[in-house]
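**Q** Got a structure here, written out as structure tokens. Questions coming.
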Amino acid sequence: MNSKWWRVFAGLCGFALSAAMAAPAAAQMSEVKEKPPMYSYVANWAIPRAQWGDIEKSYAADQKILDQALADGTIVGYGTDEALIHRPDGETHDDWWSAMSLAGLMKVLDQFYKSGSATSSVFVSATKHWDSVYVSHYYNWHPGSFKGAYTYVAEYKLKPDAPDDAVDVLSKNLIVPLLEKLLADGTLHEYEIDTQAIHTSSPDTFEIVYIAANAEGLDKVNAAIREAVKSNPLSAPAFDSMTDYTAHRDDLARTNATYK
5 MNSKWWRVFA
15 GLCGFALSAA
25 MAAPAAAQMS
35 EVKEKPPMYS
45 YVANWAIPRA
55 QWGDIEKSYA
65 ADQKILDQAL
75 ADGTIVGYGT
85 DEALIHRPDG
95 ETHDDWWSAM
105 SLAGLMKVLD
115 QFYKSGSATS
125 SVFVSATKHW
135 DSVYVSHYYN
145 WHPGSFKGAY
155 TYVAEYKLKP
165 DAPDDAVDVL
175 SKNLIVPLLE
185 KLLADGTLHE
195 YEIDTQAIHT
205 SSPDTFEIVY
215 IAANAEGLDK
225 VNAAIREAVK
235 SNPLSAPAFD
245 SMTDYTAHRD
255 DLARTNATYK
């Protein structure tokens with residue numbers, strides 16, 4: 005349901021862009037601007053069900069490293085996710101941390117390797133494991149720690165003939181304005197629009213990611229998108245012209261996270 009509304013709402017983007025290009029320069033100054041790059045390291049694990057209870061113990065052992073890295077500014081956030089919608093070839097759990105540099109990511113990773121946590125018994129039991137490094141220029145969050153939140157990830161692939169700035173166009177004219185409102189009213193704890201910084205899969209993919217404060221927040225996001233569609237009479241298929249919808253996938257997870 006959520007991805008359907010992102011798709012419909014995004015059809016308005018082409019018209020928003022045209023309007024922005026025609027607007028006076030002074031008006032354009034209030035537009036969303038990209039931020040300095042934020043990098044995220046995500047370690048994905050397919051853990052046998054019998055070991056699910058052990059993974060929290062492993063996360064607890066990493067807490068000191070992550071808290072110190074957060075305190076000294078090496079990273080700006082970290083967390084863990086437990087998949088709620090399971091795919092045959094997907095992960096059951098992941099852990100991640102974000103920094104304003106690749107060096108920050110690698111510093112924490114090196115500490116995990118040296119501590120031995122990367123080879124703990126629960127991770128050795130994984131039937132599959134893969135890592136990803138993402139970069140985002142569009143993000144925001146509320147500082148603090150939260151447990152039992154919900155992370156929604158909508159992944160899309162751009163068509164070969166999509167403009168080079170397609171992700172920027174969608175982010176500035178569509179995604180960020182909506183998510184900023186939901187962040188401001190407390191529906192969301194955090195959001196980001198990600199692309200891969202190290203391309204371990206297609207370089208044409210991007211992800212819309214947000215962390216809802218509770219399950220009701222998922223419905224509030226859908227409602228906000230529906231209202232935006234309803235209030236705007238334009239519904240041109242701009243999004244369809246830029247994305248290959250057959251490659252679209254969604255993920256939903258329960259999240260514990262801390263942001264500085």
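For the sequence shown, this note's numbering assigns the number 5 to the initial residue and increments by one for each residue that follows. Backbone N, C-alpha and C define an ideal beta-carbon position, used for all residues, glycine too.
1) What is the DSSP secondary structure of methionine 104, reduced to helix, strand or coil?
2) If you draw a straight line from the alpha carbon of tyrosine 45 to that of leucine 106, how long is it in whole angstroms?
3) Is alanine 261 near isoleucine 215, with beta carbons less than 8 Å apart?
4) Is any heavy atom of the ligand SAH found at a distance shorter than 7 Å from the C-beta of valine 36?
5) Using only CA atoms, which one of Tyr138, Glu86 and Ala217 lies nearest to alanine 50?
6) Please determine, among Glu95, Tyr160, Ile202 and Phe116, the residue with the shortest C-alpha to C-alpha distance to arginine 53.
7) Hey, how far is the Cα of valine 139 from the Cα of methionine 246?
8) Measure the C-alpha to C-alpha separation of isoleucine 202 and tyrosine 43 and round it to an integer number of angstroms.
9) Can you list, in chain order, the residues of its chain whose CB lies under 8 Å from that of tryptophan 100, leaving out five sequence neighbours each side?
10) DSSP beta-bridge partners for serine 121?
11) By the 10 Å Cβ neighbour count, where 16 or more other Cβ atoms means buried, how is isoleucine 179 classified, buried or exposed?
12) What do you get for leucine 88, buried or exposed, if any count of 16 or more other CB atoms within 10 angstroms of its CB means buried?
13) Quick test of the definition: if touching needs 3 or more C-beta pairs under 8 Å, does the region 126–139 touch the region 187–205?
14) Using C-beta distances below 7 Å, list every residue in its chain close to valine 126, excluding the 5 sequence neighbours before and after it, in chain order.
15) Give the DSSP-derived three-state secondary structure of aspartate 58 in the structure shown.
16) How many whole angstroms separate the CB atoms of valine 263 and valine 80, which I take to be in contact at a CB cut-off of 8 Å?
17) Nearest by alpha-carbon distance to arginine 91: which of Ala73, Val128, Gly120 and Lys132 is it?
18) Excluding the five sequence neighbours on either side, which residues of its own chain have a C-beta within less than 6 Å of the C-beta of lysine 151, listed in chain order?
19) Could you tell me if lysine 234 is buried or exposed, where buried requires 16 or more neighbouring beta carbons within 10 angstroms of its beta carbon?
20) Is leucine 192 helix, strand or coil when you go by DSSP?
21) Taking the runs of the beta strand (DSSP E) that are 3 residues or longer, which of them lie wholly in the region 114–175?
22) Strictly by DSSP, which residues pair up with alanine 261?
23) Could you please give me the residues that DSSP links to alanine 201 through a beta bridge?
**A** On the basis of the supplied data:
1) In this structure, DSSP gives methionine 104 a state outside helix and strand, which the three-state scheme calls coil.
2) 9 Å
3) yes
4) Among the components of this structure there are no ligands whatsoever, and the ligand SAH is therefore not found.
5) For alanine 50, the nearest C-alpha among the options comes from Glu86.
6) Glu95
7) 20 Å
8) 10 Å
9) Excluding positions up to five away in sequence, the list reads Ser44, Tyr45, Val46, Ala47, Tyr82, Gly83, Thr84 and Asp85.
10) Bridge partners of serine 121: none, in fact.
11) buried
12) The residue is exposed, with fewer than 16 neighbouring Cβ atoms inside 10 Å.
13) Contact holds: three or more Cβ-Cβ distances are below 8 Å.
14) Ile51, Gln55, Asp58, Ile59 and Ser62
15) helix
16) In the sequence on display, residue 263 carries tyrosine and not valine. Yes, tyrosine 263 and valine 80 are in contact; Cβ-Cβ is about 7 Å, under 8 Å.
17) The candidate whose alpha carbon is nearest that of arginine 91 is Lys132.
18) Asn260
19) exposed
20) strand
21) 132–145 and 148–161
22) Gly83 and Phe150
23) Alanine 201 is bridged by DSSP to nothing; it lacks a bridge partner.
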